[in-house]
Amino acid sequence: MKHSKLMRAIIFRDYGNPEEVVKLVKDCKIPIPNKNEVLVKVECASVNAADRYIVRANYFIIRLVFGLFRPSKNKRILGMDIAGTIQSVGQNVKGFQVGDAVVADIRKSFGGGYAEYATVNTKYLVKKPEEASFEQACTVPISGQAAMMGMILCSINPGDKVLVNGASGGVGSFGIQIAKAQGAYVAAICSTKKNEAVKSWGADEIIDYKKKDSIKALIGKEFDAVFDTASFEYPGRYKQILKKDGKYVLVGGDFYNMLKVKFLGRFGRGSQKFMALTQKVEVTTNIKTVLEMIADKKIKPSIQKVISLKDVPDALHSLEQRTVVGKIVVNLNKEV
525 MKHSKLMRAI IFRDYGNPEE VVKLVKDCKI PIPNKNEVLV KVECASVNAA DRYIVRANYF
585 IIRLVFGLFR PSKNKRILGM DIAGTIQSVG QNVKGFQVGD AVVADIRKSF GGGYAEYATV
645 NTKYLVKKPE EASFEQACTV PISGQAAMMG MILCSINPGD KVLVNGASGG VGSFGIQIAK
705 AQGAYVAAIC STKKNEAVKS WGADEIIDYK KKDSIKALIG KEFDAVFDTA SFEYPGRYKQ
765 ILKKDGKYVL VGGDFYNMLK VKFLGRFGRG SQKFMALTQK VEVTTNIKTV LEMIADKKIK
825 PSIQKVISLK DVPDALHSLE QRTVVGKIVV NLNKEV
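Residue numbers (this note's numbering): 525 to 860.
Here you go:
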């Protein structure tokens, strides 16, 4: 394996404002894979809201995981999902070899994707189809697979009416397309300035949450499923626009609302179900499914822009300002 022992990476040594504490460094040690891991040369990584939550550490549970007063030394490289090429393999690794193009969810490793190299346990590794580019593939492990799992929980059938809240974000962009691919009618909640993109993903109806109370505007239109990626509203309000056997699925958003959802199912009308995407799922299966849909041109990742590694702090700021439509991708080969 021919490379230097140091690499570029995006790290945070303290908690706080991403623009102040997130930095590009050029002297990180290249990680060494253990016997069940591979070393991946990262081609592309995608920017996720989880990165900014981790950096700000507003929830105590984040500090328990990453470090009470400041992030632990082995948990300072941000980035949750990657696409790249295997450079070396551990002695117990089977089914993967040097040179394979792969995609990975590295949340279990506490990040590490915004770097030139990352180690990945093969349990979270998937081979990239040739028909999907590295830029497209890296958007799948977090946003794409979360949307797929959410739609599975929604149990969508052809002709069902699905409401997607937070429709213009990364998960929403995948959710709309997956629901449409399953034959659903999709209503989307977003701001007017993002209408064009959301329509291009297949939304049949758009509600501007800045102009009206979205839920009040939808009373009388009963939905088979609500797919919520924003959690701006108290989840219980959706009872009035769900069918009696409808399903509400919360993916991401406010931590406390995710806890509330766990107690709502028993209080819905009829057999309504309220679910939060916090349970353990077969992540790699969903990643494979979404990658296959991309390869078959059934869906297409919506990439707002491709940036270099040094621009990650600005991208995290854009997420906080809610100006991102779809996904931002980091290309490690850009402006090296």
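Quick reminder that beta carbons are idealized off the backbone N, C-alpha and C, glycines included.
* Do the region 726 to 742 and the region 683 to 695 touch if we need at least three Cβ pairs shorter than 8 Å? -> yes
* **Identity of the residue in Glu757, Phe756, Lys763 nearest Asp748 by Cα** => Lys763
* Asked: Counting Cβ pairs, one atom from each stretch, are 3 or more of them under 8 Å apart for the region 832 to 840 and the region 542 to 551?
  -> yes
* Asked: How is Glu543 classed by DSSP in three states: helix, strand or coil?
  -> helix
* **Distance CB(Glu567)-CB(Gly608) smaller than 7 Å** => yes
* **DSSP bridge partner residues for Lys685 (one or two, in chain order)** => BP columns for Lys685 point to Tyr709.
* Using DSSP with H/G/I as helix, E/B as strand and the rest coil, what is Tyr641? -> strand
* Contact under 7 Å by Cβ, Ile610 with Asp629 -> no
* Tell me, to the nearest whole angstrom, how far the beta carbon of Leu766 is from that of Asp752; I am working on the premise that it is less than 8 Å. => At roughly 11 Å, the Cβ-Cβ gap does not stay under 8 Å, so Leu766 and Asp752 are not in contact.
* **Those residues which DSSP pairs with Met675 across a bridge** => Answer is none; Met675 lacks a bridge partner.
* To do: Mind checking which residues open and close the beta strand (DSSP E) that includes Ala625?
  => In the DSSP assignment, Ala625 falls within the beta strand (DSSP E) that extends over 625 to 629.
* Looking at the unbroken alpha helix (DSSP H) that takes in Leu932, where does it start and where does it end? -> Outside the modelled stretch of the chain, which goes from 525 to 860, sits residue 932, for which no answer is possible.
* **As assigned by DSSP and simplified to three states, the class of Leu742** => helix
* **Beta-carbon proximity list for Lys889, same chain, < 7 Å, skipping 5 on both sides** => Look at the range of the chain in this structure, 525 to 860, and you will see that residue 889 is not part of it.
* Under a Cβ-count criterion, where at least 16 other Cβ atoms within 10 Å of its own Cβ denotes burial, should Met525 be classed as buried or exposed? -> Model confidence at Met525 stands at a pLDDT of 47, short of 50, so the residue's coordinates are unreliable; what they give is reported in the following sentence. Looking at its Cβ environment, which holds fewer than 16 other Cβ atoms inside 10 Å, Met525 is exposed.
* Please list, in chain order, all residues of the same chain as Lys550 whose beta carbon is under 6 Å from its beta carbon, the five residues on each side excluded. => Arg532
* Asked: Helix, strand or coil: how does DSSP classify Leu592 here?
  -> coil
* To do: Write down the C-beta distance between Val814 and Val571 rounded to the nearest angstrom, noting that I regard them as a contact closer than 8 Å.
  => The pair is not a contact, with the Cβ atoms about 18 Å apart (cut-off 8 Å).
* Asked: Pick from Leu843, Ser832, Ser842, Ile585: whose alpha carbon is nearest that of Asn857?
  -> Ser832
* To do: Report, in whole angstroms, the separation of the C-beta atoms of Lys652 and Val627, which I expect to be a contact under 8 Å.
  => 5 Å
* Given a threshold of 16 other Cβ atoms within 10 Å of its Cβ, counted over all protein chains shown, does Gly707 qualify as buried or as exposed? -> Exposed: under 16 other Cβ atoms inside 10 Å.
* Asked: With a Cβ-Cβ cutoff of 7 Å, do Val686 and Val562 count as a contact?
  -> no
* **Those residues which DSSP pairs with Tyr772 across a bridge** => Paired residues: Val750, Phe798.
* Pairwise C-alpha distance: Gln660 and Arg576 -> 22 Å
* Asked: Where does Ser724 sit, in a helix, a strand or coil, going by DSSP?
  -> Helix.
* Assuming Lys745 and Gly726 make a contact with CB atoms under 8 Å, what is their CB distance in whole Å? -> Going by Cβ atoms, the distance from Lys745 to Gly726 rounds to 18 Å, so no, they are not a contact pair.
* **Under 7 Å between C-beta atoms of Lys771 and Lys797** => With respect to Lys797, Lys771 sits close: the two C-beta atoms are nearer than 7 Å.
* Tell me, which residues are paired with Cys568 by DSSP? -> Ala607, Asn855
* Could you tell me which of Ser596, Gly696, Asp605, Val589 sits nearest to Ser826, measuring between CA atoms? => Gly696
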